[in-house]
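Residue numbering for the sequence shown follows this note's numbering, beginning at 21 and increasing consecutively.
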Amino acid sequence: MCSDHSIPDPRLTDLGLQQCAQLRQNLVQRFSSFEGKIAIVASPMMRTLQTASLAADWLVERGIKIEADADWQENSDKPCDTGSPPSHLVLLKDNHTKIQFTSPSFDFSAIHPLWPDKTSSPAARSRFGYTRSAILNRAQRALEKLRQRPEDLIFVFSHSAFMRTAVTSWWYFNADYRIFEFDDEGKDGAVVPLRMDQSTLEGGMGWSWAKRVEVGYELPDDPEEENGS
């Protein structure tokens, strides 16, 4: 995680690279024998694409693309949480090996035309605004798209604040993960009910708090709510 919120779309730190290596090892051990259909979906921000490319390279080698979806981006409209145009996404994998987030490994075909805008009226009002209703609507949209997919296992590389406050209500440490199934009969208060695999109560890496928050926790009010209307 970058502590300087003024850095536009930051890449992983050295610590983040180390954590990705640990995450990769864990995912290979847990899922390498899975025989069903698999997909990879990632927020099109630098750090999540980089994480996906490092931790899921063993799946990419099987021909599975990393599909960028802007609905999985982070919450705020600060520079650190605002993405870059896909044509600008070039970086060094480990300070030596160049990564270009291009086909065939990466698929940006479904990126919404407003990306990476988060502050103009069209973006803020209709899709990517930094308000409670906009973020919760985005989370529901992202989950519903997953529910409609044909794959049996979907890896999602997103962001801790978005996952905690809008998607699952659980805490996440950097590079940690949880496993969920859709729970059509569940009533856990989430925008789309999910059932968590209890083996990931403290995260698949064992790094996360076994704590929940209310969906919408700490998200900014909509303007009309602030005005009392």
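Note that beta-carbon positions come from the ideal geometry of N, C-alpha and C, so glycine has one too.
Check: What first and last residue would you give for the alpha helix (DSSP H) that runs through L43?
Finding: Within the sequence shown, residue 43 is the residue found at index 23, counting from 1. Counting along the chain, the alpha helix (DSSP H) containing L43 begins and ends at 34-51.
Check: Grouping DSSP H, G and I as helix and E and B as strand, with all else coil, what is E201?
Finding: Numbered from 1 along the sequence shown, position 181 holds the residue referred to as residue 201. DSSP places E201 in strand when its eight states are reduced to three.
Notebook entry, point to check: Do you know how far the Cα of I58 is from the Cα of D172?
Noted result: Here the question's residue 172 lines up with position 152 in the sequence shown. Here the question's residue 58 lines up with position 38 in the sequence shown. If you take the alpha carbons of D172 and I58, they lie about 6 Å apart.
Margin query: Need the endpoints of the beta strand (DSSP E) that L214 sits in, please.
Written below: What you label residue 214 is simply residue 194 of the sequence shown in a count that begins at 1. Element bounds for L214: 214-216.
Margin query: Closest to D91 by C-alpha separation, out of A76, F121, R31, V176, would be which residue?
Written below: For this step, residue 91 is matched to residue 71 along the sequence shown. Out of A76, F121, R31, V176, V176 has the C-alpha closest to the C-alpha of D91.
Next item on the list: Check I27 in the structure and name its three-state DSSP category.
Entry: To locate residue 27, count along the sequence shown from 1; it is residue 7. Three-state result, I27: coil.
Notebook entry, point to check: Nearest to P133 by alpha carbon, out of S104, A75, S219?
Noted result: The count along the sequence shown starts at 1 and reaches residue 133 at position 113. The residue with the shortest Cα to Cα distance from P133 is S104.
Item checked: Cα-Cα separation, D127 to E81 -> Position 107 of the sequence shown holds residue 127. Position 61 of the sequence shown holds residue 81. Straight-line measurement puts the Cα of E81 at about 15 Å from the Cα of D127.
Checklist line | CA-to-CA distance, H108 to P64, given in whole angstroms | finding: Sequence index remark: in the sequence shown, residue 64 carries index 44 (1-based). Sequence index remark: in the sequence shown, residue 108 carries index 88 (1-based). Roughly 11 Å separates the two Cα atoms.
Margin query: Suppose the cutoff is 7 Å on Cβ atoms and the five residues either side in sequence are ignored; what does the same chain contact list for A181 look like?
Written below: In the sequence shown, counting from the first residue as 1, residue 181 sits at position 161. For A181, the CB contacts under 7 Å within the same chain, skipping 5 residues up- and downstream, are E94, N95 in chain order.
Note to self: Which same chain residues end up closer than 6 Å to E222 when comparing Cβ atoms and leaving out the 5 residues on each side of it in sequence?
What the structure shows: Indexing the sequence shown from 1 puts residue 222 at position 202. S228, A230, listed in sequence order.
Next item on the list: Take F200 and list the residues in its own chain whose beta-carbon comes closer than 8 Å to its own, dropping the five residues that flank it on each side.
Entry: As a first step, residue 200 is located in the sequence shown; it is residue number 180 there, counting from the start. The residues are T188, L214, R215, M216, D217.
Notebook entry, point to check: How many angstroms separate the CA atom of L37 from the CA atom of E87?
Noted result: The sequence position of residue 37 within the sequence shown is 17, counting from 1. The sequence position of residue 87 within the sequence shown is 67, counting from 1. Each residue's Cα considered, the two are about 21 Å apart.
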